[in-house]
Structures are given as structure tokens and as C-alpha cells.
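Going down the list, the sequences are from chains A, B, C and D.
Each position in the first sequence, counted from 1, maps to that position plus 41 in the working numbering.
Each position in the second sequence, counted from 1, maps to that position plus 41 in the working numbering.
Each position in the third sequence, counted from 1, maps to that position plus 41 in the working numbering.
Each position in the fourth sequence, counted from 1, maps to that position plus 41 in the working numbering.
Notes for the one structure printed next.
There are 4 protein chains.
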Amino acid sequence: MIKGIMPPIATPFINNEVAFEKLKENLSRWNKTELSGYVVFGSNGESVYLARDEKLKLIEFVKNNIPDNKNLIAGTGSDSIKETIALTNDAAKYGAETALILTPSFYKGQMKHEAFIKYFTQIADNIKIPLLIYNVPRFTGVSIEAETVAELAEHKNIIGIKNSEENVARLSEIINLTSKDFLTIVGTASVLYPGLCMGASGGILALANIAPNECIQIYNYVQTDKHTEAKNLQLKMLAANKAVTAKYGVAGLKAALDLTGFFGGEPRSPLSGLTKPQKEDLINILKKAEIIK
Amino acid sequence: MIKGIMPPIATPFINNEVAFEKLKENLSRWNKTELSGYVVFGSNGESVYLARDEKLKLIEFVKNNIPDNKNLIAGTGSDSIKETIALTNDAAKYGAETALILTPSFYKGQMKHEAFIKYFTQIADNIKIPLLIYNVPRFTGVSIEAETVAELAEHKNIIGIKNSEENVARLSEIINLTSKDFLTIVGTASVLYPGLCMGASGGILALANIAPNECIQIYNYVQTDKHTEAKNLQLKMLAANKAVTAKYGVAGLKAALDLTGFFGGEPRSPLSGLTKPQKEDLINILKKAEIIK
Amino acid sequence: MIKGIMPPIATPFINNEVAFEKLKENLSRWNKTELSGYVVFGSNGESVYLARDEKLKLIEFVKNNIPDNKNLIAGTGSDSIKETIALTNDAAKYGAETALILTPSFYKGQMKHEAFIKYFTQIADNIKIPLLIYNVPRFTGVSIEAETVAELAEHKNIIGIKNSEENVARLSEIINLTSKDFLTIVGTASVLYPGLCMGASGGILALANIAPNECIQIYNYVQTDKHTEAKNLQLKMLAANKAVTAKYGVAGLKAALDLTGFFGGEPRSPLSGLTKPQKEDLINILKKAEIIK
Amino acid sequence: MIKGIMPPIATPFINNEVAFEKLKENLSRWNKTELSGYVVFGSNGESVYLARDEKLKLIEFVKNNIPDNKNLIAGTGSDSIKETIALTNDAAKYGAETALILTPSFYKGQMKHEAFIKYFTQIADNIKIPLLIYNVPRFTGVSIEAETVAELAEHKNIIGIKNSEENVARLSEIINLTSKDFLTIVGTASVLYPGLCMGASGGILALANIAPNECIQIYNYVQTDKHTEAKNLQLKMLAANKAVTAKYGVAGLKAALDLTGFFGGEPRSPLSGLTKPQKEDLINILKKAEIIK
Chain A
42 MIKGIMPPIA TPFINNEVAF EKLKENLSRW NKTELSGYVV FGSNGESVYL
92 ARDEKLKLIE FVKNNIPDNK NLIAGTGSDS IKETIALTND AAKYGAETAL
142 ILTPSFYKGQ MKHEAFIKYF TQIADNIKIP LLIYNVPRFT GVSIEAETVA
192 ELAEHKNIIG IKNSEENVAR LSEIINLTSK DFLTIVGTAS VLYPGLCMGA
242 SGGILALANI APNECIQIYN YVQTDKHTEA KNLQLKMLAA NKAVTAKYGV
292 AGLKAALDLT GFFGGEPRSP LSGLTKPQKE DLINILKKAE IIK
Chain B
42 MIKGIMPPIA TPFINNEVAF EKLKENLSRW NKTELSGYVV FGSNGESVYL
92 ARDEKLKLIE FVKNNIPDNK NLIAGTGSDS IKETIALTND AAKYGAETAL
142 ILTPSFYKGQ MKHEAFIKYF TQIADNIKIP LLIYNVPRFT GVSIEAETVA
192 ELAEHKNIIG IKNSEENVAR LSEIINLTSK DFLTIVGTAS VLYPGLCMGA
242 SGGILALANI APNECIQIYN YVQTDKHTEA KNLQLKMLAA NKAVTAKYGV
292 AGLKAALDLT GFFGGEPRSP LSGLTKPQKE DLINILKKAE IIK
Chain C
42 MIKGIMPPIA TPFINNEVAF EKLKENLSRW NKTELSGYVV FGSNGESVYL
92 ARDEKLKLIE FVKNNIPDNK NLIAGTGSDS IKETIALTND AAKYGAETAL
142 ILTPSFYKGQ MKHEAFIKYF TQIADNIKIP LLIYNVPRFT GVSIEAETVA
192 ELAEHKNIIG IKNSEENVAR LSEIINLTSK DFLTIVGTAS VLYPGLCMGA
242 SGGILALANI APNECIQIYN YVQTDKHTEA KNLQLKMLAA NKAVTAKYGV
292 AGLKAALDLT GFFGGEPRSP LSGLTKPQKE DLINILKKAE IIK
Chain D
42 MIKGIMPPIA TPFINNEVAF EKLKENLSRW NKTELSGYVV FGSNGESVYL
92 ARDEKLKLIE FVKNNIPDNK NLIAGTGSDS IKETIALTND AAKYGAETAL
142 ILTPSFYKGQ MKHEAFIKYF TQIADNIKIP LLIYNVPRFT GVSIEAETVA
192 ELAEHKNIIG IKNSEENVAR LSEIINLTSK DFLTIVGTAS VLYPGLCMGA
242 SGGILALANI APNECIQIYN YVQTDKHTEA KNLQLKMLAA NKAVTAKYGV
292 AGLKAALDLT GFFGGEPRSP LSGLTKPQKE DLINILKKAE IIK
């Protein structure tokens, strides 16, 4: 089941090449937590910088290094319907159980209701694993309306959406217009608790890379109606989450992994690592959030 | 106390002139509810279409038609510090108890931390009533950072902020960085419940014009820890709120007032009233929300 | 005639109050050039920071300090139709010959064709001097379509538009859809020469405050078909123009006035003057453009 | 030499598959004009919907169907440096003479000076054909600054830029900051004439698919100093150009190809063809521009 908390895992590189052994170490630590699954090739996984064969190898590798009860979700979407179907079905062969598929975005003026319906329906019809829609306007420059999601939710192979906006109104509208079985997943830890309050089924969160237990704790608090505790922990995580997402991006997430005992390393070119003052700021933020001491 | 739910009241016009008697009727109905106060000249009050003398007359009129225990907040901000101070102090003479002051916005490239600090500090230093910051990027094209709000919150005459974004992350950051006494007010009903979950002190909501009791009910549910009920009522209100804000704007709010037994009328030129198909859509939405039968 | 080059003049302040004598000195120098007129209360005139009575006094003062053959244009627009009509007619009494009226912009979602037609038609019907539309999306967040301008151009009291976009395509569309008598005025020196190539009738340009002769020279080159000279001078002015507009805004323009022998001074609060490194950068840019030695 | 006018050619599809024979027919007609080259996989070529092997086959096919004196430019960029190098070098093997490489854009917050320098330098160092930068903010949501282009222009394998903004100011800045040998190419016909006035070396223009001779004529008029004729033809082409770009996108371009005796067909899914009223509007526009009778 794709409920609870899942990290879109960072892809470790050494000298710009995928560092499989480092990934294995990270996974072995994450495996010990209650994380319910993993997303490979989310926005934080530097998906756009990975070649096709690297992606398939990574899926296989992750699959072999996680227990069967943790869902393996792969980000396999691109503007091309044809390529998305082919990559998704290959990903399934290599072990992916669910596909996280980005809204197409190149022709921004045309990427509206009709195009989204065609795109996701044609893909869902032709792939062998279930599909999660991935809406992340910050990177794509387009956004999918709740009404469009509601229509797509009727397709039996489209099982949910990861919405990475901080706009909780849209998340709420999607929940309102879809059935209880449709998974509406919070896509950014900055609104995890308010999203869960509105009925979201879980979170796919960059922050879960470095603070999995805190994210899981917020989720559990809501399940057990401990709203004050959930709110307080959410407030405590805000700055740390911002540092590894909007403020410092992938470079921030990777530096934070290094600081929390995981392997982070440098992002792939053309991204750059943090500068020294940025790293110091990050350390202060993580200390304040008690993620590090 | 500026807690609980307050409507930014619509300004009624007949033949493009302020219809005071109609406003009186509306107020007499709102007075019977638990609304804790009123905002005149919020975005929904068509403030930008009112002349200075109309504004002062309206403040006096509203003051004379509401009970003393309901706070009267007036929107008195403009880009000019000088004019804002003068209008606010005149508004205070006519009965306004609190000033809601829009972020300055004309020189967008310069409207950042330093300018906001200067603007709000100089005004707060020179006005005789307390100041609420008003952040509404949808109309101003600028947004104030949580860190800036936190610095301004140190001023004893700056008592809170109405944040009209649907971005609950920023609302949360403001709550996180300010003291318990600082009022962080949800500015749009689309995120009322999630905002209250994060610790907001109340809501200034267009929806409270036409559905005051439902908004108050959500607020009361959160105070008494009835989260499921709050969530369900929030979901039920989503489409109605959108219809009177983002979807149909002031014209939608006014048509909805007419449909709910208040006086709405037409917005002031250059705004136009709803078309017939828009009105029919609105009726359906309000019926579905059980705001009308 | 409103042809040729006109500066939207900076408003000088000393200790945050209008410095009339300094303005007189500036005007006496500009009067010696071939500038065809002056705009008071353009975006660069800090119009939004001036009170109504300050504006009327400024119009009267400028009128008394310029020769009769130079057109006096006053920026008198605001969102309110009523206030715009009243201020424009008062401005006319004090000496303004033409009104430059900003597109209304507060309710961005509604500020489209129909609202613009209503707004400008109602104003043009009721003011005693001719109207120039003022389109400046950088500050207003809205833009008027060429088709809307074309419809408004039919009104006998709407004589032209100042378009402050760097998008020369829209300027061209307006020229294409309006008659030869309608004035399409370039609103930013960054595209003066290409705009004139497309048929614009002149320019209202911040740069004309500090480099009036260079702007006039570009205009004259185009009138006399000296395209290579026009292009070269345009290229030479690019960085200087950017420094006094997009890069450093009003503060940059005022610092440049001080550097070129005019009085600039500080912008009105909440704007701030340039920092020392910014001023040094500005000096280098003006030297390179040979505006100063 | 990459001067003069080149169309970014539309990719014809029949039943969603590349229609090579139709492309041959189109090329044979374009070959008879003075078009100086062809771009395959520009934005209008539906590049994002083509698979890698389709792209290489298309390059080979076009190469075999155009004369040697017409430059063959291939759009080979993606966010991944590795993939871009590999595809570009393969494209070169199949016949591409120049690479048109889109600015990377996924991590919008980071896509600034430093990342662009790294991206384009690493690619230029490792590809066997010269590189043209491709800046098209309308689709990518990012824009490259003139200063960054100027620095990249120092690289001997980076020979120019196609700038598809309607902002002629930025085009001018690039021309100003780079040497005479660097090619600054207008990327949209809406500003072809003003761009050439500022010193652009030519145009890569969607409009050149359906009106190659008119585009060439504007170019020739500027070369021979016939500015009035150039302006008039530019004005005449504005609406037609808008119809096949901003207004109706790829679907509009393809419908216009069908109307002008070329093969257009339907765009690839998820794009849709024009509706009937849209097609009628297009016919009127093309008639008015005398592109069709």
C-alpha cells in the first residue's frame, strides 16, 4: 500500500557517476525505519540528469536492496507518450511497482484539461503497473486542475497523485472530488500536517531522506488524533525542510545527507554543491530542528 | 479581540453609488451571528474604487450600526506612507479600531525586506490604532517573507497579519517565527481549517459574507478538537468559496449575497456583474454546499 | 504635438518633501534641449508616493517653468474611475494638457478587454483633456491587448498609448491595428530605435532625464534614415538605460541625475538610495556610455 | 554560413507516426527558395515527442533531401549534459552540421549564470559540431542573461544564439556584448525586422515554414536599406505569425502548412488539431496577410 511516508531518494554520485555502494548504505539505514516505500527519480533524484540505462540499473539495484513490503515507485514520465510507456514498462521489468508520472509541460499554452486527459489516459492504458500523477508546478511551470484529476481518477490504472504545491486548497479540492480509494499524497513536507488534516493518504517528501522518523511521527500523530503534537513537530521541521528544498535545492539535500550520517556527495553537473557559508547556515538550521546535534 | 471569524464586507452600490440603507440591512443580519468583527475596505470591499470621503463616511456608518463588542477594522493602506498615515488616523476618528494595511507594491523590484520594514515601521510609529499587515500577492504581485513579518512583529503597534495566500507553508512559517500574541489570520476560506490547525488565530474571509455560520462552525470545531467535523465542513465549503473569490471575484460574491438574502447588487464600474450562465453555475454550487436550498 | 522625446521627470525631494527650487533648476536645463514635452507622475516620478495636493501644486509649478511649446502631460490614473476623472480635470485646471492614464490593475483576473473598454471610455467621456493609455506590466501585473487598444483608439479623446514593454511585437501590433493619427509611444529607451523603426511616434523615456540629447539624436537619425547611426547610439545607451530603470530603479535614476549635473537626491521612503558599490557601478556605466566623463 | 532565414521545420505525422514521404515533398518545395538552412527539432518540430531513434532517422533523411549549401541544424539539447553530448555527436554522424541546444531548465531556481556556464562549456568541449544556444523562456520558464551569453561566446565552439523572446532589448544587449562573428539570431518572426535593425544575423522562424519568401524578403530589404518596405511587410506578417505560434501553437502551424500547399497534418498526441472555428479564423488571417488567396 502506498500510504504513510516515502522519500524521493537522492541519487548519490562520485565523480559524476552513480555511486551504487553508497546508495546501498543509505538504503540499509532507511530500511530500518517505518518508511513505507521509496521513490526513485523524483525531482530530488536528479532524474533529468540520468541516462535511460542508468535509470533501469538503479531500479534493479534499489529493488534488490529493499524488503518486499516497501513499495518501489519509479519516476518515468517525460513529454513523450511513447517514451513514457516504453520506459515505464521496462522499469516494471526491473522491479518498479508503481510509476510516478510528471505532467507533460513543454507546450505550456496547450497543457490544459484536454491534453492532460489524453496524455495520462493513453499512458495508463498501456503500462503494466499503476500510475501516480505527479504535479510539481515549481519545476514544470504548469499545473493540473482538480477537475482534471477527478476525471483521470476514474481510470482504474490511475491510483493517485503526488501534489508538490504548498497550496493546500488544491490538495483539498482533489480530495473532495475523488473517491476514498484515490491516493492524494502530499508532495512537500512544508504542508505535511495540514495536508494530512485535509485527508491526504501520506507524503512523498524530500525531508524524509534526512529526517524519516520525524516525518513518520507527524503522520502517526494524525492517525492517533494527537493534533497538538503534530502541529508542534510540523513547525519544528519547517526551516529544515525549506533548506533541503526551496532554499538550497538538491545541493542542500545532499549536504544534509552528509551531515546526518548518510552519503550525500555532490549533485551532478551543471548543479553545484553548497558554498561554505551555505553549509554553515544549513548546520545551524538542522541543529535548531534537532535533526543533528 | 481580533480572533474568530470576520468578513471583509462587500460595499453595496445602487447605480454606482454607495447604498447605505442596504448595508444597514446586511449588517443587522450579520450582527446576529457570532462574527467577531468586520473589515471595511478589504479586497472584496472594492476599496480601490472608493473615494476618500466615501471611505470615512462608510466607517462612521458601519460603526454606528454594529455592537461595541465587534471589532471594526479598516483597510487604509496605499503605496504612500504619508497618505496611509493620514487616512488611518482619520479612519480612527470615524470609528475604526484597527487598520489593515496592504503591502506597498508599485515598484515590485524594490518591494523587499528593507522597504517593507521602513514602510510598516514608519506607519506604525505614526498611527493611533493598531496595525494588521495585509499580504495578498494575488492582487499586489508582491509577497512579504516570514522573516520580514517576524521583524515587524516586534513593533508594539503591529499586532498581526492577514495572509491571503493558499500557501499554508508561509502561514506556518509566520506562526513559527512570531510570538503567541501576534495574530496570524487566515485570509482565504479555502485554507481555513488547515490554517487553524497550524495555529492561526482566526479568519478574515470573503465567504463569511454569505456563510458566516459555516465559517464560525469550522473555527469552533477546531477549538473543541472536532477535527473530522472541521475537515468535512471545510471540504463542503471549497467550491462555494472558490465561486465567490478566484472564480467569479467581487461580482460572484455580490451575486451570492443576493442569493442568500443579503443585498449584493452590481460591483462598481469597471467591474461587471455575472452573466446569466455564471449565475446559474453559482446557484448550483451554493445549493450543493447547502448554503441555499 | 506629442511627438519626439519626452522625459517622465523625476520628482526631487529634500528630507522627503518636494524640492521645488531643485525642480526649477532641472527644468531650466531640460528646457534648453529639443525635448518636446514633459510627463509629471510617470512611474519614475514616484507618483504613488505623492499626495493629491502635492500633485496639483507640482503641475502648476512645472507649467510655470516650461515654455508653451512643450507639452505638459500628467499621470492621473488610479483604479477608481471617479477619482481619475476628478484628478484629471483638476490637473487640467492647473495646466496639464494631456493625461497619461495607467491601466487599472487591482483585480487582475478581471482586468481584461471588457473592463479596460469600460474604464477608459468612461474616463475619456468625462475629462477635458486628451488621454494617453499607459501600459506598464512590470509595475501593474496586467497588460492591455492590441485589439483592446484598437477599439479604444476609435474614441476621439483617446489619442495614443505609452507602451512600456520591451516586447516590440505588441508595440507593432498596436501600430498595425490603429490609424496613423493614433500615437504609439515607446515607453522604455531599451527599445527606442527598434520601436521607431516599426513606426512609433516618439518616446517617453526615463533615460531622457539624464541623456536627453542622445535620445533625441536616435529619434532624429530615424527621421533622416540614418539607421546605422541610430543602431550604434541605441547599443551605446543600453547599459545606461538599464541602470536607471530595471537594474536600480528610481534610486538609480536619481543618482544618475546627480552625476549628470541635475539634482537627483534620494527617493521618497520606503524606497532607499543607492549603496556605495551600486553608485560606483553606475558611474562606470555612465562613463562607458559617455554620458559622463 | 548560418545567416539569413531558416525554418524550424514541422515534423509531419500520419497516424502519430513520422511521415517521411510528406516531409520529402515539403523539403523539395522549401529547397526552391533562398532559405539558408533548416532546423530539425526546434520547438515547432515537436522535438519533445520524438524518440531518439526517430530523431536520428529524421536527420539522415533531411540531410539526404536538401542541397549541400543549406545548413542542417539539429536541436539536440536536454537537461542531461551526458545525453546531450551523446545525441549531438550521433546527430553529427547522421548529417547535422550545427547543434541548437536549449538552456537546461528543470531546476529553475538554480538555472542561473554558473549552471549555464558549466552546462554549455562542458557540452561545447565535447561535441564535434558547433553549438548555437537556444533561449526560449516561453517554453522553458528560464532565461539566459546577456552577460552569460557574452561569457559563453568566448568559447570557440559556441557560435551563436537563437533568442526566441519578443523582448528586443535582450537581443540588443547580446549583440552589444559579443563580437561581430557571434551569431545573434531572431527566434520569432514577430520581431524579425526590429531584430535585424539591431544587428541580428538572421532568423530561425516558425513563419518561414509557410511564408519563406516573405521572411526572406524582410531580410533582403534590411540588407539593402529599404526600411519602409521592411516595416510594411513586417506589419503585414504579424497576425499570421501569431496564429502559427502563440495563438494556435504547433496545431496552427500544421493547419497553415496544409492551407499553403505543404503537408501539415495533425500534431502528435497529446496535442490536438485545430477546431473548425479556429481553422476558419486561421484562413481569414492568412488571406489578410496574402499568404493564401
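Think of the CB as a built atom: it goes at the ideal place given N, C-alpha and C, for glycine as much as any other residue.
In this text, all values refer to a predicted model and were calculated from it rather than measured experimentally.
Spatial neighbours of residue i in its chain, beta-carbon cut-off 8 angstroms, leaving aside the 5 residues before and after
i: Lys-111 (chain A); result: Asn-72, Leu-76, Ser-77, Gly-78 and Tyr-79
i: Ile-158 (chain C); result: Thr-189, Glu-192 and Leu-193
i: Lys-104 (chain D); result: Leu-113, Tyr-135, Gly-136 and Ala-137
i: Lys-334 (chain A); result: Lys-328
i: Tyr-260 (chain A); result: Gly-45, Ile-46, Leu-233, Leu-237, Gly-243 and Gly-244
Endpoints, beta strand (DSSP E) assigned at residue i
i: Val-227 (chain B); result: 224-227
Beta-carbon proximity of residue i to residue j, cut-off 8 angstroms
i: Lys-65 (chain D); j: Leu-141 (chain D); result: no
i: Ile-122 (chain D); j: Gln-163 (chain D); result: yes
i: Ala-330 (chain C); j: Ala-297 (chain C); result: no
i: Val-89 (chain B); j: Ile-50 (chain B); result: no
i: Ala-347 (chain D); j: Ala-115 (chain D); result: Since the first and last residues shown for chain D are 42 and 334, residue 347 (chain D) lies out of range.
i: Ala-165 (chain A); j: Leu-172 (chain A); result: yes
i: Val-183 (chain C); j: Val-209 (chain D); result: no
i: Gly-314 (chain A); j: Glu-307 (chain A); result: yes
i: Ile-251 (chain A); j: Thr-301 (chain A); result: yes
i: Thr-129 (chain B); j: Ile-43 (chain B); result: no
Per DSSP, cross-strand counterpart(s) of residue i
i: Glu-58 (chain C); result: C:Ile-55
i: Tyr-260 (chain A); result: Paired residue(s): none; Tyr-260 (chain A) is not in a bridge.
i: Gly-371 (chain A); result: Residue 371 (chain A) is absent from the model: chain A starts at 42 and stops at 334.
i: Lys-203 (chain B); result: B:Tyr-175 and B:Ile-226
i: Val-81 (chain D); result: D:Ala-115
i: Met-47 (chain A); result: A:Ile-245
Pick from the options that is closest to residue i, judged by C-alpha positions
i: Ser-84 (chain A); options: A:His-154, A:Tyr-135 and A:Arg-179; result: A:Arg-179
i: Leu-218 (chain A); options: A:Gly-244, A:Glu-186 and A:Gly-314; result: A:Glu-186
i: Gln-275 (chain A); options: A:Leu-237, A:Asp-109 and A:Ser-242; result: A:Leu-237
i: Ala-283 (chain A); options: A:Leu-246, A:Asp-266, A:His-268 and A:Asn-254; result: For clarity, residue 283 (chain A) is Lys in the given sequence; the question names Ala instead. It is A:Leu-246.
i: Ala-292 (chain A); options: A:Gly-302, A:Asp-266, A:Gly-201 and A:Gln-319; result: A:Gln-319
i: Ala-249 (chain B); options: B:Thr-225, B:Thr-269 and B:Gln-258; result: B:Gln-258
i: Val-154 (chain D); options: A:Pro-311, A:Phe-54, A:Ile-43 and A:Ser-213; result: A quick correction: the sequence has His, not Val, at residue 154 (chain D). Nearest C-alpha to His-154 (chain D): A:Pro-311.
i: Glu-95 (chain C); options: C:Tyr-262, C:Thr-125, C:Glu-58 and C:Thr-301; result: C:Glu-58
i: Asn-254 (chain B); options: B:Pro-48, B:Ile-43 and B:Met-42; result: B:Pro-48
i: Phe-303 (chain B); options: B:Ile-46, B:Lys-63, B:Ile-43 and B:Met-42; result: B:Lys-63
i: Gly-305 (chain C); options: C:Ser-313, C:Asn-56 and C:Leu-294; result: C:Leu-294
i: Lys-98 (chain C); options: C:Thr-52, C:Phe-161 and C:Leu-323; result: C:Thr-52
i: Pro-145 (chain D); options: D:Ser-205, D:Glu-214, D:Tyr-175 and D:Thr-129; result: D:Tyr-175
Alpha helix (DSSP H) segment containing residue i, residue limits
i: Gly-290 (chain A); result: 290-300
i: Ile-215 (chain C); result: 209-218
i: Leu-323 (chain A); result: 317-329
i: His-268 (chain C); result: 268-283
Cut-off 7 angstroms between Cβ atoms - residues of its own chain near residue i, not counting five sequence neighbours on either side
i: Thr-286 (chain C); result: Thr-229 and Ala-247
i: Pro-374 (chain A); result: Chain A is shown only over 42 to 334; residue 374 (chain A) falls outside these bounds and no answer can be derived.
i: Asn-167 (chain D); result: Ile-126
i: Ala-271 (chain B); result: Tyr-234, Ile-259, Tyr-262 and Val-263
Proximal residues to residue i (C-beta, below 6 angstroms), its chain only, five neighbours per side dropped
i: Asn-106 (chain C); result: Lys-65 and Leu-68
i: Phe-61 (chain B); result: Phe-102
i: Val-227 (chain D); result: Leu-233, Gly-236, Ala-241 and Gly-244
i: Ser-231 (chain C); result: Glu-207 and Asn-282
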